[in-house]
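Numbering (the working numbering), first residue to last: 82 to 424. Glycine included, each C-beta is placed from N, C-alpha and C at the ideal position. Quick caveat, the model's predicted, so the values are computed rather than measured.
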Amino acid sequence: MNTRIFQTLIKSASLTVIVLVFSSMVSAQLFSYKLVDQVVNDIAYSPITGMLYASVPSTGGQYGNHLIVIDPKAGAIVNSVFAGSEPNKLAMTNDGKYLYVGVDGAASVKRFVLASLTSDISISLGIGNDGPYIAEDIAPIPGRPNVVAVSRRDTCCSPRHEGVVLFDNGIQLSNATSANSETNEIEAGDDGTSLYGYNNETSGFQFRQLYIDSNGVYIASSQPNTFGAYSLKIRYSAGRVYASNGKIVEASTGTPVGAFAVSGFADGIAIDKRNSRVLFVIGSSLKAFRTETFQPIGTINLPSSVGTPAQLTRWGRRGFAYRTTDGKLALAESLLVTQKSQQ
């Protein structure tokens, strides 16, 4: 069925709302879209508070170098706190208690208590021969909110990787992985002792199984050329690891189990475990697939005037958010996020 769409723009100082009116509500998929006029680096969602959190670079105007809190339903910034110099990577603990924030200008990671929006720990990532380390990726350990793994990188050289390090309540544990074992992307497993990583910067493209104990983090095994591409993002869910080029492997072995037809490389990927689907943003579209069958559910064309989508996350019952390539934050709701597949 062809559906005609009429767009009305409602603008204010900080928010643009694109109201989408569909000629047939039965076939409607995207029914709200808000663009928050605020440059952000990364975004995270807490199902406990129902809020989105975003890191704002120093160039972000009145909220520069802040962590901001966004009500996704209203599309409004409702709170903020100074985070430090150049806050960037965000990672939420699975209990929703803490948010870890990479603070690039201070070569550190800060832990924020979400209930009070205050920082209780600042973790120094160290310095090497090529300068201070910053957080390329952050993985809080499920069931152990005081424990966090950080994939460190430098800012001057290639390869950039500087090892995976484990911290317990801000204290660095003694064993870290080698800088020569590139593990740029890291994801925590479900059992509190497993990590999974991917080398997305050199041609080995290794997928790695890591484990943690009271002394730190170790590489247990790795498989070469598993996802086979540079700059990929990975996400873990229910024993599998999903890559932003659509490939899927068993986490414990690296064995391929299938692939989604994403037609290239996604700019953002989100796993929706509750609704058994994976969401990708590719170009100016959102694509949804079933995790059981790998079959497509549908596609939504997103407004292209606001920049290409990236850094996708889910929020609420049927919402999703993404950072555009020009740094703005887009908030949307769609039936595609929750509706049952007709295939």
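Cutoff 8 angstroms: Tyr279 Cβ touching any chain C Cβ:
The chain labelled as chain C is not found in the depicted structure, where only one protein chain is given.
Proximity to Phe193 [Cα-Cα], best of Gly209, Gly207, Ala187 and Thr174:
Thr174
Beta-carbon within less than 7 angstroms of Gly244's beta-carbon, same chain only, minus the 5 sequence neighbours each way: which residues are those?
Arg233, Ala257, Thr258, Ser259 and Ala260
Ser333 versus Gly320 - alpha carbon distance
7 angstroms
My guess is that Tyr426 and Ile350 are in contact by the Cβ rule of under 8 angstroms, so how many angstroms apart are they, rounded?
Nothing about residue 426 can be read from this structure; the chain reaches only from 82 to 424.
Would you kindly check if the distance between the Cβ of Val228 and the Cβ of Leu198 is under 8 angstroms?
no
Determine the DSSP secondary structure at Asp185, reduced to helix, strand or coil.
helix
Beta-bridge partners of Val322, as assigned by DSSP
The partner list for Val322 (beta bridge, DSSP) reads Tyr317 and Val330.
Compute the Euclidean distance between the alpha carbons of Thr140 and Asn122, then round it to the nearest angstrom.
11 angstroms
Which same chain residues end up closer than 6 angstroms to Ile151 when comparing Cβ atoms and leaving out the 5 residues on each side of it in sequence?
Leu133 and Ile158
Under the three-state reduction of DSSP, which class applies to Phe193: helix, strand or coil?
Phe193: strand per DSSP, three-state reduction.
Who are the Cβ neighbours of Tyr311 in its own chain at under 7 angstroms, not counting the five residues just before and after it?
Asn281 and Glu282
Would you mind giving the Cβ-Cβ distance between Ile215 and Asp176, rounded to the nearest angstrom? I have them listed as a contact below 8 angstroms.
About 26 angstroms separates the two Cβ atoms, so there is no contact after all.
Are the CB atoms of Val190 and Ile208 within a distance shorter than 8 angstroms?
no
Are the Cβ atoms of Gln119 and Lys409 separated by less than 8 angstroms?
yes
According to DSSP, is Tyr144 part of a helix, a strand, or is it coil?
helix
6 angstroms CB neighbourhood of Lys170 in its chain, flanking five on each side removed
Asp123, Gly183, Ala216 and Ile219
Which of helix, strand or coil DSSP assigns to Leu417
helix
For Arg233, write down the residues that DSSP places opposite it in a beta bridge.
Ala216
If you measure between the beta carbons of Ser357 and Glu331, is that distance less than 8 angstroms?
no
Evaluate Asp348 with the Cβ neighbour count: other Cβ atoms within 10 Å of its Cβ, from every protein chain shown; 16 or more gives buried, anything less gives exposed.
buried
When you compare only the Cα positions, how much space is there between Ala196 and Ser284?
Near 43 angstroms, if we compare the C-alpha coordinates of Ser284 and Ala196.
Just the Cα atoms here: how many angstroms apart are Phe341 and Ser166?
39 angstroms
For Glu268, tell me which candidate among Phe308, Val231, Gln290 and Tyr317 has the shortest Cα-Cα distance.
Tyr317
Starting from Arg358, trace the beta strand (DSSP E) in both directions and tell me its first and last residue.
Bounds of the beta strand (DSSP E) holding Arg358 are Arg358 to Ile363.
On a CA-only basis, which of Gly327, Val231 and Tyr403 is nearest Ile425? Give me that one, please.
What the structure shows of the chain is the stretch from 82 to 424, and residue 425 is not part of that stretch, so it cannot be assessed.
I'd like to know whether the C-beta atoms of Val338 and Phe361 end up nearer to each other than 8 angstroms.
In terms of Cβ geometry, Val338 and Phe361 do not form a close pair [threshold 8 angstroms].
Could you compute how far the alpha carbon of Leu254 sits from the alpha carbon of Ser136?
27 angstroms
Between the CA atoms of Glu266 and Lys314 - distance to the nearest angstrom:
Cα to Cα, the separation comes out at about 7 angstroms.
Measure the CB-CB distance between Gly397 and Ala413 and report whether it falls below 8 angstroms.
No, Cβ-Cβ distance for Gly397 and Ala413 is not below 8 angstroms.
Cut-off 7 angstroms between Cβ atoms - residues of its own chain near Thr23, not counting five sequence neighbours on either side
Residue 23 lies beyond the residue range present for the chain, which begins at 82 and ends at 424; the question has no answer from this structure.
For Ser344, three-class secondary structure by DSSP:
Coil at Ser344, not helix or strand.
Euclidean distance between Cα positions of Arg225 and Ile202:
When rounded, the separation of the alpha-carbon atoms in Arg225 and Ile202 is 15 angstroms.
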